[in-house]
Amino acid sequence: MLGRQGAGKGTQCIRLSRHFVVPHISTGDMLRAAVREGTELGKMAKAVIDSGSLVGDDIMVGIITERLDQDDARVRGYILDGFPRTVAQAVSLDAVAAKRPIDMVIDLDVPRDLVLSRLSARRMCRDCAANYQATGNESQPWTCENCGGDVVQRDDDTPEAINRRLDLYESQTQPLIDFYGSTGRLVTVDGVGAPDEVFERLTRAVEQRR
Ligand code: ADP
Numbered sequence: 011m012l013g014r015q016g017a018g019k020g021t022q023c024i025r026l027s028r029h030f031v032v033p034h035i036s037t038g039d040m041l042r043a044a045v046r047e048g049t050e051l052g053k054m055a056k057a058v059i060d061s062g063s064l065v066g067d068d069i070m071v072g073i074i075t076e077r078l079d080q081d082d083a084r085v086r087g088y089i090l091d092g093f094p095r096t097v098a099q100a101v102s103l104d105a106v107a108a109k110r111p112i113d114m115v116i117d118l119d120v121p122r123d124l125v126l127s128r129l130s131a132r133r134m135c136r137d138c139a140a141n142y143q144a145t146g147n148e149s150q151p152w153t154c155e156n157c158g159g160d161v162v163q164r165d166d167d168t169p170e171a172i173n174r175r176l177d178l179y180e181s182q183t184q185p186l187i188d189f190y191g192s193t194g195r196l197v198t199v200d201g202v203g204a205p206d207e208v209f210e211r212l213t214r215a216v217e218q219r220r
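If you read the sequence shown in my numbering, its first letter stands for residue 11, the second for the next number, and so on.
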């Protein structure tokens, strides 16, 4: 699924993966897990993520190649969240997934000014990555209703990093709309509305394609 940061992409991808019973593969979650675990990848990626820049294509393609080779991704398909983010990643993905080609790409469309306000209120569970919107009335410390983990603001949700990510989305990721559109794989779904309403549009779009 493509879409600006803060479009609700992560939450909707998790819901879709439960609904269709397929794995949710989020490169952002994988990178954050590596940062938490202090692996070599995590140490290298931390500064890049916090500044709102993109981790290099070769590294990302390596991570996703390894993940798509695991058993759960080879059975009933999967939902990719946050990958690909560049045309080079998309070209590599088509090669990696050649045996089970990527058949559908959703662009969850939310205008930039709307995602800016959503991102400043975004909070995330440190353990299960569930997303929340802060209202200011939460009791502190805030615990996740799914798993009891700490709900916090992400280190990369500063105004500078948010703007950099949105600029990079326009220059690096938006070209994917033409890339997938020209091969008939793109479906644009309006991401403005209540989460349940948007989820309904998404499931309808997937079902129409199946
Ligand atoms: P958001 O939830 O804001 O859409 P993600 O959680 O998907 O962002 O990703 C967080 C950060 O991880 C990105 O800003 C980027 O630094 C890095 N990242 C995640 N996926 C990719 C990718 N496919 N290519 C390059 N960098 C990535």
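Even glycine gets a Cβ: it sits at the ideal position worked out from N, Cα and C.
This structure is a prediction, so every number in the text was calculated from the model and none was measured.
#1: Between the C-alpha atoms of I112 and Y179, what's the straight-line distance to the nearest angstrom?
#2: R132 bridges to which residues according to DSSP?
#3: Determine, using beta-carbon pairs with one atom in the segment 176 to 192 and one in the segment 95 to 114, whether at least three such pairs fall under 8 angstroms.
#4: Taking the alpha helix (DSSP H) that D60 belongs to, which residues open and close that run?
#5: Tell me the residue span of the alpha helix (DSSP H) that contains I221.
#6: How long is the line joining the alpha carbons of G66 and G52, rounded to whole angstroms?
#7: Go ahead and pull the three-state DSSP assignment for G13.
#8: Can you confirm whether S130, when its beta carbon is compared against all beta carbons of chain C, has any partner nearer than 8 angstroms?
#9: By DSSP, does L196 sit in helix, in strand, or in coil?
#10: Does at least one heavy atom of ligand 1 sit under 7 angstroms from the Cβ of I112?
#11: Beta-carbon separation of V115 and L12 under 8 angstroms?
#12: Quick check: is any heavy atom of ligand 1 less than 7 angstroms from the C-beta of I59?
#13: Can you check which of these residues, A43, S192 and I59, is closest to R174 by C-alpha distance?
A quick look at the data gives this:
#1: So the alpha carbons of these two residues sit roughly 21 angstroms apart.
#2: Looking at the DSSP output, R132 bridges to Q143.
#3: Touching, yes.
#4: Where D60 is concerned, the enclosing alpha helix (DSSP H) stretches over E50 to S61.
#5: No answer is possible for residue 221: it lies beyond the span of the chain, which begins at 11 and ends at 220.
#6: The straight-line gap from Cα to Cα measures roughly 13 angstroms.
#7: In the structure shown, G13 sits in a strand (DSSP, three-state: E or B).
#8: Note that chain C does not occur in the displayed structure, where there is just one protein chain.
#9: In this structure, L196 counts as strand in the three-state DSSP scheme.
#10: The closest heavy atom of ligand 1 lies 7 angstroms or more from the beta carbon of I112.
#11: Going by C-beta atoms, V115 is nearer than 8 angstroms to L12.
#12: Under cutoff, so the answer is yes.
#13: The shortest Cα separation from R174 among A43, S192 and I59 belongs to I59.
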